[in-house]
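Line by line, the protein sequences are chains P and B. Per the numbering used here, the first sequence runs over residues 13 to 94. Per the numbering used here, the second sequence runs over residues 5 to 212.
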Amino acid sequence: MTCSDFLQELTDYLDGAMDAQTHAELEDHLQWCHNCYVVCNTTKMTIEIYRDSQLYELPEDLRGRLRAAILSKCQGHGSEGQ
Amino acid sequence: MGTIQPRVIEPSDETVLVHAAKAGDISAFEELVKRYDRNVFRIAQHITQNREDAEDVVQDAFLKAFQNLANFQEQSKFYTWLVRIAVNEALMRLRRRRPERMVSLDEDIKTEEDSMPREVADWAPNPEQLYTQGELKEILGKTIQGLPPSFRTVFVLRDVEGLSTEETADALDLSIPAVKSRLLRARLQLRERLSKYFKNRTGGDGKK
């Protein structure tokens, strides 16, 4: 397995979406290839940092205003299914 | 090395809420809004990169969903259907703001070169602790803003919101290989750009 092959499989590897044999080959590559180990580890950290970052959280006051606006518009328009 | 665990989606009485909302029960629809307004806002702001647009997307996406509930066939989850509406609204606003640039989910980068790792220094053990919460959000926001819209859309749905590859493909009308290819490149480009902030600085205090 080359580094380029490893990179192609990286997303499935991180998502745990692969067969046991390919998984074992990737683990084997990671044992000896430091660069791929770093890329894999820091890509995983990238995902975790974004997932845990609370970037673009909806503030409660804005949330209340938006919800009121949505419901008022829904009441005004009605559902086409009714 | 462990795998990334998907965000757990709450078990739901969602079908009951959707049926009640379809029958015109506004309080059932309000429950659906409460359940997903934060997610829709986050997705909209990731795509549009504009707070005002994100607010409009939240309102318009829910209104459209309400008006079209009768057409929702329930072959997918309500949330996936709602995300599809929200993504379309967000992309429409992005196109309006940047008419000079064509914004499309089909947009693709011609070569793989843009995603080839160049920076292979390891990161500090807890890189997010190198910065204050405010600094970190600024770094993350600035970094994701630099990605093509099609990449950050796939990234936010898969990695931030925890949709499966199949659900993401369904919500974006993309093939599964197209989702996987964009996700790989989005992840690698973000990693590359974040490396300059988070890499291990031997002998230093880890700060810029």
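Heads up, the beta-carbon is just placed ideally off N, CA and C, and yes, glycines get one too.
CA-CA distance, residue i and residue j?
i: D285/B; j: L98/B; result: Look at the range of chain B in this structure, 5 to 212, and you will see that residue 285/B is not part of it.
i: V22/B; j: Y68/P; result: 27 angstroms
i: K212/B; j: M57/P; result: Residue confidence is low: K212/B scores 42 on pLDDT, short of 50, so the model does not pin down where it sits. Its coordinate-derived value is still stated next. Approximately 19 angstroms, taken between the alpha carbons.
i: T54/P; j: N43/B; result: 26 angstroms
i: E59/B; j: N92/B; result: 14 angstroms
i: V164/B; j: I59/P; result: 8 angstroms
i: V62/B; j: D31/P; result: 40 angstroms
i: C86/P; j: A27/B; result: 13 angstroms
i: D29/B; j: I148/B; result: 39 angstroms
i: A193/B; j: L86/B; result: Contrary to the premise, residue 193/B reads as Gln rather than Ala in this sequence. Whole-angstrom Cα-Cα distance: 28 angstroms.
i: Q49/B; j: R39/B; result: 18 angstroms
i: Q79/B; j: T19/B; result: 12 angstroms
i: R46/B; j: R63/P; result: 11 angstroms
i: P71/P; j: L167/B; result: 23 angstroms
i: T115/B; j: R156/B; result: Since pLDDT at T115/B reaches only 45, below the 50 mark, its modelled position is unreliable, and the value read off the structure follows with that caveat. Distance between the alpha carbons of T115/B and R156/B: 18 angstroms.
i: T23/P; j: L188/B; result: 6 angstroms
i: P131/B; j: G88/P; result: 49 angstroms
List, in order along the chain, the chain P residues whose C-beta lies closer than 7 angstroms to that of residue i?
i: E132/B; result: I61
i: I51/B; result: None at all; the shortest Cβ gap to chain P is about 10 angstroms.
i: G145/B; result: L67
i: P121/B; result: V51
i: V124/B; result: N47, V50, V51
i: L151/B; result: Those do not exist, as L151/B stays about 11 angstroms from chain P at its closest Cβ, beyond 7 angstroms.
At which residues does the alpha helix (DSSP H) containing residue i begin and terminate?
i: P153/B; result: 153-159
i: Q33/P; result: 32-44
i: A74/B; result: No alpha helix (DSSP H) contains A74/B, which DSSP labels as neither H nor E.
i: M96/B; result: 82-101
i: L70/P; result: Where L70/P is concerned, there is no enclosing alpha helix (DSSP H), given that its DSSP letter is neither H nor E.
i: L19/P; result: 15-26
i: Y135/B; result: Run containing Y135/B: none; DSSP gives neither H nor E here.
i: Q170/B; result: In the sequence as displayed, the identity of residue 170/B is Glu instead of Gln. Note, E170/B: alpha helix (DSSP H), 169-176.
i: S31/B; result: 30-52
i: E18/B; result: 18-26
Where DSSP assigns a beta bridge to residue i, which residues make up the other side?
i: W127/B; result: K203/B
Which chain B residues sit within Cβ distance under 7 angstroms of residue i?
i: T57/P; result: Residue identity differs from the one stated: residue 57/P is Met in this sequence, not Thr. Under the 7 angstroms cutoff, chain B gives W127, P131.
i: D81/P; result: What sits at residue 81/P in the sequence shown is Ala, not Asp. Those within 7 angstroms of A81/P in chain B are Q63.
Can you name the residues of chain P whose CB is closer than 8 angstroms to the CB of residue i?
i: L187/B; result: T23
i: V91/B; result: Per Cβ cutoff of 8 angstroms: no residues; V91/B is ~15 angstroms from chain P at best.
Could you name the residues of chain P that residue i contacts, counting a contact when the two beta carbons are closer than 9 angstroms?
i: L98/B; result: Simply none; closest approach about 15 angstroms.
i: L178/B; result: Neighbours of L178/B on chain P: none; closest Cβ ~14 angstroms, over 9 angstroms.
Mind pulling the chain B residues with CB within less than 8 angstroms of residue i?
i: T14/P; result: The premise fails here: T14/P is roughly 13 angstroms from chain B at the closest Cβ pair, so nothing lies under 8 angstroms.
Taking any Cβ of chain P, which residues in the region 155-174 of chain B have a Cβ under 7 angstroms from it, in chain order?
D163, V164
Where the region 189-201 of chain B meets chain P: residues whose CB sits under 8 angstroms from a CB there:
R191, L192, L194, R195, L198, S199
Please list, in chain order, the residues of the region 29-47 of chain B that have any C-beta partner in chain P closer than 8 angstroms.
Within the region 29-47 of chain B, the residues whose Cβ lies closer than 8 angstroms to any Cβ of chain P are, in chain order, I30, F33, E34, V37, K38, D41, R42, F45, R46.
Taking beta-carbon pairs under 7 angstroms, can you tell me which members of the region 51-69 of chain B lie near chain P?
E59, V62, Q63, F66, L67
Closer than 7 angstroms between beta carbons: that is the criterion. Which residues of the region 24-45 of chain P meet it against chain B?
L26, D27, G28, L42
What residues in the region 77-89 of chain B bring their beta carbon closer than 7 angstroms to a beta carbon of chain P?
none
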